[in-house]
Amino acid sequence: TALAVLAVLQAVTDVSDVGRTLAVMIGLGVSVDYALFVVTRHCQQVSEGMDVSESVARATATAGRAVVIAGGTVAVAVLGLAAAGIPFVARLGQSAAIAVVVGVLAAITLLPAALAIAGSGLGRWRIPFVSGPRPVDLDAPPDRTHGWARWSLTVTRKPWPFLIGGLALLLLLAAPVLRMELGQVDAGSDPPGSTTREAYALISSGFGPGFNGPVQVVLEGPLAKQSALAVADRARDLAGVIEVSPPVRSSIADVAMINVVPATAPASPRTTDLVEKLAQRLKPAAGAGTAVYATGLTAVGVDLSDRVASRLPWFIAAVVLISFVLLMFEFRSLLVPLQAAVMNLLSVAAAFGVVVAIFQWGILRQQIGVPEAVAIEAWVPMMMFAILFGLSMDYEVFLLSRVREGWEQTRDAHRSVALGLASTARVISAAALIMVSVFLAFVLNDNVIVKMLGIGLATAVLVDATIIRLMLVPAVLSLCGQWNWWLPGRRGRGGEQPGTPPS
């Protein structure tokens, strides 16, 4: 459905191949996740003896509500890419948002109808040796407590070891992000045997790697045509320049153009340094009243990297703030959205670190079909952050929704955390396994950028569903206790402050 919507939109706007691939990648992942959340809640309620019709309604009202909040957060995050001021990236965000919205609508409309039609026959055919959802019993004797119930009780009773160990693992994975270098991926990183890679190699060997990405220097002004020769001579004297073409003068405007060929490849850091300072170095030779510009694919890539680097911190802050406000209103708490934001930032940092280690440092790059180490494509971190922060919020909302239900029923902070974790750990793990499989499948794509997205998304989901949701979040919630549900100025039921145990 999302692809059909994109096909219609293609008549009025540009939809790139990467945009369609991204829509498939995100759409498959979140749709399976959202459906699994609702179906698992329904099956668990039916196994506890609830009527099918009532179970469908309650699952839609509870898990379905969590799906809407989670999906809305994802959509807001990816649509926020428009703030980057890069049309291509904004359109990618729109493609991803369409896929997410379609997944949410299917989970809260089509899926409940299908569950109601299936009725009691939903669990008729079971896979041998695989048990279905079972009621969570935290009061069973220790020798009869097993699986996720035992794990949840262990984490909530001894939170400090899990908190310290989980943070150590995340910081280790995230460490390479401190060395991240934004740049551009050129045809030299295309798969061996592809026409683009062969042409790139022929140009490099026959003329020099810089001929794959020449820079066009444009002069504008009344004296542009007269000063063009002086500018060309100055360009030939610059370090890192291998060839300068004779100036080309316009016959209809005061404009002249000079082709400058770097000595290094378009993706080389030395080429980036040259392009960033080229116009400034040539300006004295152009004289007063003549503007000097550098353009071409290589220069555009450098400008894109600079723009992303300058706007990425503000974009991250905006997405985190919006998500914080949404969760604060949803859970009526201050600490819950705060820890959610911190945990999601940690999982994103871990994913960035793995991407840097594989693609920039070259660890395991040959195993995934990347011929040489490359810089991180400029817009990839921004796109990855938007998607990953939203996807991480899926599991956060689903877990916290069950924890809050337990808190409202028992007013016991530790028990509600254990109950929420034991109730959701199985479905979160299953959903994460499916999503990781979907994302890793895109590593088979020949496009290096798609590989980056696949590796980064798969890593973040895996880290989020294991280290974050099974260790750090329950540990932090247990340590905070009743203060998890505190909000300044808010009065609870009966006039007591939230977090006050019932009398």
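In the working numbering, the protein residues as written are 1 to 503. Heads up, the beta-carbon is just placed ideally off N, CA and C, and yes, glycines get one too.
The DSSP assignment places complete alpha helix (DSSP H) segments of no fewer than 4 residues inside the stretch 392-463 at 413-441, 448-463, in order along the chain. If you compare the alpha carbons of Y293, S205, V24 with that of I98, the shortest gap goes to V24. DSSP lists V218, V248 as the beta-bridge partner residues of M257.
Linking A340 to T1 through their CA atoms gives a straight-line distance of about 31 angstroms. One thing to note: G213 has its Cβ within 8 angstroms of the Cβ of P266.
In the three-state DSSP reduction, T1 falls in the coil class, being neither helix nor strand. Secondary structure at I376: strand, using DSSP grouped into helix, strand and coil. Taking a contact as a CB-CB distance under 8 angstroms, the pair L472 and L163 counts as one, their CB atoms being some 6 angstroms apart. Separation of V336 and H414 (C-alpha to C-alpha, rounded to the nearest whole angstrom) is 15 angstroms. Here DSSP, grouped into helix, strand and coil, assigns T290 to coil. Taking all protein chains in view, the Cβ of F329 is surrounded by fewer than 16 other Cβ atoms within 10 Å, so the residue is classified as exposed.
The DSSP-derived three-state label of G183 is strand. Counting C-beta pairs with one atom in each stretch, the stretch 54-64 and the stretch 72-84 have fewer than three that are closer than 8 angstroms, which means they do not touch. Sixteen is the threshold: when 16 or more other Cβ atoms of the shown chains lie within 10 Å of the Cβ of E377, as they do, the residue is buried. Secondary-structure assignment with DSSP links E54 through no beta bridge to anything. Between A174 and F398, the C-beta gap is not smaller than 8 angstroms, which leaves the two residues out of contact.
Secondary structure note for Q366: it is in no alpha helix (DSSP H), with a DSSP letter that is neither H nor E.
W148 counts as buried, since at least 16 other C-beta atoms from the protein chains shown sit within 10 angstroms of its C-beta.
The continuous alpha helix (DSSP H) containing S310 extends over residues 297-331. DSSP, reduced to helix, strand and coil, places P262 within a strand of the structure shown.
Separation of the CB atoms of I26 and I387 is rounded to 6 angstroms, and the pair is thereby assigned contact status at 8 angstroms.
Listed in chain order, the non-local C-beta contacts of I322 below 7 angstroms within the same chain comprise V76, local neighbours out to five positions each way being set aside.
Here A263 is near G210, since their CB atoms are less than 8 angstroms apart. In the pairwise beta carbon analysis, the stretch 154-169 is classified as touching the stretch 472-482: at least three pairs are separated by under 8 angstroms. The C-alpha of S152 lies about 48 angstroms from the C-alpha of D186. Per DSSP, M471 lies in no alpha helix (DSSP H) segment and is marked neither H nor E.
The Cβ atoms of G390 and V101 lie no closer than 8 angstroms to each other.
Of the other Cβ atoms in all chains shown, fewer than 16 fall within 10 Å of the Cβ of R179; this residue is therefore exposed. In this structure, the straight-line span from the alpha carbon of E408 to that of M50 is close to 20 angstroms. With a 10 Å radius around the Cβ and a threshold of 16 neighbouring Cβ atoms, T109 comes out exposed. If you look at K158, you'll find it isn't in any alpha helix (DSSP H); DSSP assigns it neither H nor E. Beta-bridge partners of E243 (DSSP): V261. A residue is called buried once 16 or more other Cβ atoms fall within 10 Å of its Cβ, and D14, having fewer, is exposed. Judged by pairs of C-beta atoms under 8 angstroms, the stretch 247-258 touches the stretch 215-222, as three or more such pairs exist.
Contact between V275 and A294 holds: CB atoms are separated by about 6 angstroms, below the 8 angstroms threshold.
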